[in-house]
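Shown next, in structure tokens, is the structure this report addresses.
Residue numbers (the numbering used here): 46 to 187.
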């Protein structure tokens, strides 16, 4: 068996005992990647061990909020926990989205512990050609 030396291990164990079941009420950030792929922005969040039904995605104005809750695995009453390193509780991330993104058409997929959001770029933000006139202005008739 491999033994790991951790000077704070006992302190962490005592803290978890004092706080209860080991879940933290403070939301934790979840790691993410964000990049542009053609006409969309892609944001990928790592949230392994979270069921699809425990993920909540909201957009209010231009603020994207992703919340996920990792619940403890079911155990029998006789189970005695020897080591618990995987964090439990609520994980949350808020991202301010640019006005150039179309928040009405966000697609979300969840596979292998990765939540992937695709946010299309709004039509008004895409490059477009401007026609050049011949220099004469049309007069408005009264």
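Cβ coordinates follow ideal geometry from the N, Cα and C atoms, glycine included.
The structure presented is a predicted model; accordingly, all values stated were derived computationally and were not measured.
Query raised in the report: If you run the structure through DSSP and keep just helix, strand and coil, what is residue 105?
Result: The residue given as residue 105 occupies position 60 in the chain shown. In this structure, residue 105 counts as strand in the three-state DSSP scheme.
Requested in this report: Mind checking which residues open and close the beta strand (DSSP E) that includes residue 88?
Outcome: Within the chain shown, numbered from 1, the residue matching residue 88 stands at position 43. It spans 85-91 - the beta strand (DSSP E) in which residue 88 sits, taken as one unbroken run.
**Report entry** Opening and closing residue of the beta strand (DSSP E) in which residue 95 lies
**Finding:** As a position in the chain shown, residue 95 is number 50, starting the count at 1. Looking at the DSSP string, residue 95 is not in any beta strand (DSSP E), and its letter there is neither H nor E.
Query raised in the report: Are the beta-carbon atoms of residue 164 and residue 102 separated by less than 9 Å?
Result: One-based indexing of the chain shown puts residue 164 at position 119. One-based indexing of the chain shown puts residue 102 at position 57. Taking 9 Å as the Cβ cut-off, residue 164 and residue 102 do not qualify as a contacting pair.
Report task. Assuming residue 107 contacts residue 79 (C-beta within less than 8 Å), just tell me the rounded distance between them. Result -> Residue mapping note: residue 107 aligns to position 62 of the chain shown, counting from 1. Residue mapping note: residue 79 aligns to position 34 of the chain shown, counting from 1. Between residue 79 and residue 107 the Cβ distance is about 15 Å, and since that is not below 8 Å, they are no contact.
Query - 8 Å CB neighbourhood of residue 169 in its chain, flanking five on each side removed - result: Here residue 169 refers to the residue found at position 124 of the chain shown. Correct list, in chain order: 145.
Requested in this report: Please state whether DSSP places residue 70 in a helix, a strand or coil.
Outcome: Position 25 of the chain shown holds residue 70. Only weak support exists for where residue 70 lies, its pLDDT of 46 falling under 50; the value from the coordinates is given anyway. Of the three classes helix, strand and coil, the one that applies to residue 70 here is strand, per DSSP.
**Report entry** residue 130 versus residue 118: straight-line alpha-carbon distance, rounded
**Finding:** The sequence position of residue 130 within the chain shown is 85, counting from 1. The sequence position of residue 118 within the chain shown is 73, counting from 1. Near 13 Å, if we compare the C-alpha coordinates of residue 118 and residue 130.
Query - Cutoff 6 Å; reference residue 114; Cβ partners in own chain excluding five residues on either side - result: In the chain shown, counting from the first residue as 1, residue 114 sits at position 69. 99, 135, listed in sequence order.
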